[in-house]
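For the sequence shown, the working numbering gives the first residue as 444, with consecutive numbering after it.
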Amino acid sequence: TRSVAVAGRYTFVDVEAMVAAACAGAGIAQVLALGTERLVAEGTLIDLFPDWPGEVFPLYAVRPSRRLAPAAIEAFLAFCVEVVATPPAA
444 TRSVAVAGRY TFVDVEAMVA AACAGAGIAQ VLALGTERLV AEGTLIDLFP DWPGEVFPLY
504 AVRPSRRLAP AAIEAFLAFC VEVVATPPAA
């Protein structure tokens with residue numbers, strides 16, 4: 444059992460700033476596991492609910508029609524789909 448002292452509320456528009464604040468001991472942050480795996484593995488962040496899958500956040504990509512989209516955009520979107528569809532390493 445661990446306890447976390449939280450004083451006041453913080454509002455962030457930048458996920459990296461939120462993660463940095465949590466790492467500095469400012470409190471609890473609800474962030475996507477994607478991008479925080481290393482911090483959890485190092486023990487810098489603690490996954491408080493490892494068995495909870497979390498909320499589903501819709502993710503949208505706005506792009507030109509396929510006919511007009513450059514190949515680089517299509518490749519980037521395919522990469523994003525692959526990354527988002529792959530569960531984080533446990």
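Glycine is no exception: its CB is placed at the ideal position from the N, C-alpha and C atoms.
With contact defined as three or more Cβ pairs closer than 8 angstroms, the region 493 to 511 and the region 444 to 462 are not in contact.
In this structure Thr-479 is buried. Its beta-carbon is surrounded by 16 or more other beta-carbon atoms within 10 angstroms. The Cβ atoms of Ile-471 and Val-447 lie closer than 7 angstroms to each other. Ala-518 sits exposed, since fewer than 16 C-beta atoms from the chains shown fall within 10 Å of its C-beta. Boundaries cannot be given for Leu-477, as no alpha helix (DSSP H) includes it and DSSP labels it neither H nor E.
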